[in-house]
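One structure is given below, encoded as structure tokens.
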Amino acid sequence: ARPNRLALRGPTLTFRADPFEAGDAAAMHYETDGLTLVENGRITGFGSYDRLRARLDGHELKHYGDALILPGFIDMHAHYPQLQMMGAYGKQLLDWLNQYTFEVEQQFGDAAHARRVSDFFLDQCLRAGTTTASVYCTVHPASVDAFFDAAQARNMRMIAGKVLMDRNAPGALCDDARSAYDESEALIRKWHGRGRLSYAITPRFAPSCTPAQLEAAGALWKRYPGTHLQTHISENRHEVDWVRRLFPEHAHYLDVYRHYGLTGPRSVFGHAVHLAEPEWRHLTESGSAIAHCPTSNTFLGSGLFDYQRAFQRPGAVRVGLGSDIGAGTSLSMLQTMGAAYKVAQLGDYSLSAPRAFYLATRGAARALCLDEHIGSIAPGMEADLVVLNLASTPLIEFRMRHCRGIEEALFIQMTMADDRATLAVYIAGEPAYEAAA
Ligand code: GUN
Ligand code: ZN
20 ARPNRLALRG
30 PTLTFRADPF
40 EAGDAAAMHY
50 ETDGLTLVEN
60 GRITGFGSYD
70 RLRARLDGHE
80 LKHYGDALIL
90 PGFIDMHAHY
100 PQLQMMGAYG
110 KQLLDWLNQY
120 TFEVEQQFGD
130 AAHARRVSDF
140 FLDQCLRAGT
150 TTASVYCTVH
160 PASVDAFFDA
170 AQARNMRMIA
180 GKVLMDRNAP
190 GALCDDARSA
200 YDESEALIRK
210 WHGRGRLSYA
220 ITPRFAPSCT
230 PAQLEAAGAL
240 WKRYPGTHLQ
250 THISENRHEV
260 DWVRRLFPEH
270 AHYLDVYRHY
280 GLTGPRSVFG
290 HAVHLAEPEW
300 RHLTESGSAI
310 AHCPTSNTFL
320 GSGLFDYQRA
330 FQRPGAVRVG
340 LGSDIGAGTS
350 LSMLQTMGAA
360 YKVAQLGDYS
370 LSAPRAFYLA
380 TRGAARALCL
390 DEHIGSIAPG
400 MEADLVVLNL
410 ASTPLIEFRM
420 RHCRGIEEAL
430 FIQMTMADDR
440 ATLAVYIAGE
450 PAYEAAA
């Protein structure tokens with residue numbers, strides 16, 4: 020077959036370093052008239068149009084004159100089964116879980132329902148410019164099969180796993196230590212490394228897992244070290260108190276996970292709002308990552324993520340952004356970045372636009388240990404790309420007329436734009452979404 024060659028021309032932004040470390044200007048690579056060359060799903064060249072135009076031969080050229088081409092967004096924390104209960108009124112975490120979440124998740128033993136919601140979730144991700152996500156399914160193995168089937172059909176790089184929970188939830192949603200291990204192992208063998216899919220061992224959080232189940236999760240991760248591990252930590256003060264009562268022998272919440280071998284590279288801890296200094300230190304030293312979920316933290320009244328501490332040097336922790344659908348209020352990473360800025364403001368920390376975009380692209384890829392595959396535009400990287408319309412509403416168009424540069428343009432987008440800004444999305448070099456004309 021003739022190799023698939025594609026070239027995207029237009030203003031293009033990527034990161035070649037960590038702006039929290041190198042500074043924004045040194046970390047950004049912005050081409051006002053850029054060219055990205057793609058062959059067989061991978062990027063083969065990136066630079067200025069003038070420098071690379073000689074290599075255009077044989078490529079199908081797409082010209083996005085005044086748009087902005089970026090690496091596809093990465094959502095580090097989402098629950099696809101919770102789409103149907105977004106915007107559930109009036110509760111904080113523990114009541115919200117009991118009253119809304121556990122009710123809805125019981126429907127995902129039905130494979131057909133799980134597939135319909137998976138398809139809808141992934142299409143909405145594409146519409147928002149999100150090309151990779153780390154996703155919680157439910158306790159039912161069928162919910163994982165449905166999700167991976169749907170992701171494979173779109174050739175999206177997705178991470179997902181079966182939720183492990185064997186206490187403090189309705190019986191219909193509980194597995195046990197043995198079945199959690201066996202069912203997860205069968206899913207790992209079936210899906211991990213198949214196409215672009217990766218498995219995440221997914222103990223829900225310490226209060227819903229017995230020590231025996233956490234031990235099983237640790238044993239499984241040790242047996243399959245290339246898989247990811249995702250869970251929640253210190254989202255809500257009542258949750259933190261509960262963990263102290265459930266695990267009195269542990270010094271703090273993270274120590275529970277550490278004890279069972281659940282920290283280290285490829286682990287992702289959702290929220291991390293109420294951490295003590297020894298927990299921060301262990302996250303740094305173990306190479307664990309945090310998924311910061313600002314729209315969720317404000318919606319559930321959980322608290323304010325500590326930007327000062329998270330990015331303190333030395334001692335910075337790997338961080339990316341998560342929508343945390345359905346406690347989060349938007350699948351759009353632009354909206355999530357805007358919320359991140361506001362949460363940071365309340366902690367007297369100014370999150371620059373380049374840093375926010377980094378956290379939703381290359382920073383998240385690094386936190387997930389996937390930065391050799393996704394998160395930036397460079398030769399060898401998989402061609403998951405999003406093209407943003409920088410004037411997606413009349414108000415944004417008006418505002419952009421008074422904009423004086425790329426950093427301001429980025430900040431306007433994260434403050435004012437949403438999925439209406441997505442002009443096109445490419446998955447491994449193939450068109451996967453295009454806005455209606
Ligand atoms: N902690 C344990 N489970 C959940 C969940 O489904 N959503 C959120 N936001 N926090 C959790
Ligand atoms: Zn969550």
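Be aware that the sequence shown starts at 20, since it is given in UniProt numbering, and climbs by one per residue.
Idealized CB from N, CA, C, for every residue including glycine.
If you're wondering where the values come from, they're calculated on a predicted model, not measured in any experiment.
Nearest candidate by alpha-carbon position, reference residue i, set the options
{"i": "D195", "options": "K181, I207, R208", "result": "K181"}
{"i": "E296", "options": "Q327, R24, F318", "result": "Q327"}
{"i": "A179", "options": "E202, Y218, T348", "result": "Y218"}
{"i": "Q118", "options": "G128, A235, M105, H132", "result": "M105"}
{"i": "G394", "options": "A152, G214, A238", "result": "A152"}
{"i": "G357", "options": "V57, M433, C144", "result": "M433"}
{"i": "V406", "options": "G448, L365, D367", "result": "G448"}
{"i": "L32", "options": "Y452, Q101, A428", "result": "A428"}
{"i": "G424", "options": "L87, A165, Q364, G334", "result": "L87"}
Closer than 6 angstroms: residue i CB and nearest the ligand ZN heavy atom
{"i": "G289", "result": "yes"}
{"i": "D343", "result": "yes"}
Residue i versus residue j: straight-line alpha-carbon distance, rounded
{"i": "L439", "j": "H311", "result": "Here the sequence assigns Arg to residue 439, which means Leu is not the residue at that position. Distance between the alpha carbons of R439 and H311 is about 23 angstroms."}
{"i": "G345", "j": "T120", "result": "9 angstroms"}
{"i": "F324", "j": "T314", "result": "11 angstroms"}
{"i": "L378", "j": "L265", "result": "33 angstroms"}
{"i": "G148", "j": "P267", "result": "43 angstroms"}
{"i": "E304", "j": "G289", "result": "18 angstroms"}
{"i": "M435", "j": "D76", "result": "39 angstroms"}
{"i": "H421", "j": "Y49", "result": "20 angstroms"}
{"i": "I309", "j": "A73", "result": "43 angstroms"}
{"i": "D40", "j": "C388", "result": "The sequence shown places Glu at residue 40, rather than the Asp named in the question. Rounded to the nearest angstrom, the two C-alpha atoms are 18 angstroms apart."}
{"i": "L302", "j": "D142", "result": "33 angstroms"}
{"i": "M47", "j": "T229", "result": "45 angstroms"}
{"i": "Y276", "j": "L233", "result": "8 angstroms"}
{"i": "M419", "j": "E122", "result": "44 angstroms"}
{"i": "E391", "j": "M400", "result": "7 angstroms"}
Coil, strand or helix - residue i by DSSP
{"i": "V182", "result": "strand"}
{"i": "T297", "result": "Sequence check: residue 297 is Pro here, not Thr. In the structure shown, P297 sits in a helix (DSSP, three-state: H, G or I)."}
{"i": "R332", "result": "coil"}
{"i": "D325", "result": "coil"}
{"i": "L319", "result": "coil"}
{"i": "V262", "result": "helix"}
{"i": "Y243", "result": "coil"}
{"i": "Q249", "result": "strand"}
{"i": "T355", "result": "helix"}
{"i": "L409", "result": "coil"}
{"i": "M419", "result": "helix"}
{"i": "H278", "result": "helix"}
{"i": "T229", "result": "coil"}
{"i": "T151", "result": "strand"}
Distance cut-off 6 angstroms: residue i Cβ against heavy atoms of the ligand GUN
{"i": "A98", "result": "Rather than Ala, the amino acid found at residue 98 in this sequence is His. Answer for H98: yes, Cβ within range of the ligand GUN."}
{"i": "T120", "result": "yes"}
{"i": "H251", "result": "yes"}
{"i": "F224", "result": "yes"}
{"i": "A219", "result": "no"}
{"i": "A346", "result": "yes"}
Cross-strand partners of residue i (DSSP beta bridge)
{"i": "P222", "result": "L183"}
{"i": "A26", "result": "L56, L80"}
{"i": "residue 4", "result": "Residue 4 is absent from the model: the chain starts at 20 and stops at 456."}
{"i": "Y49", "result": "L32"}
{"i": "M177", "result": "L216"}
{"i": "H98", "result": "Y155"}
{"i": "P450", "result": "Y445"}
is_contact[residue i, chain D] using C-beta, thresh 7 angstroms
{"i": "D168", "result": "No chain D appears in this structure, which consists of one protein chain only."}
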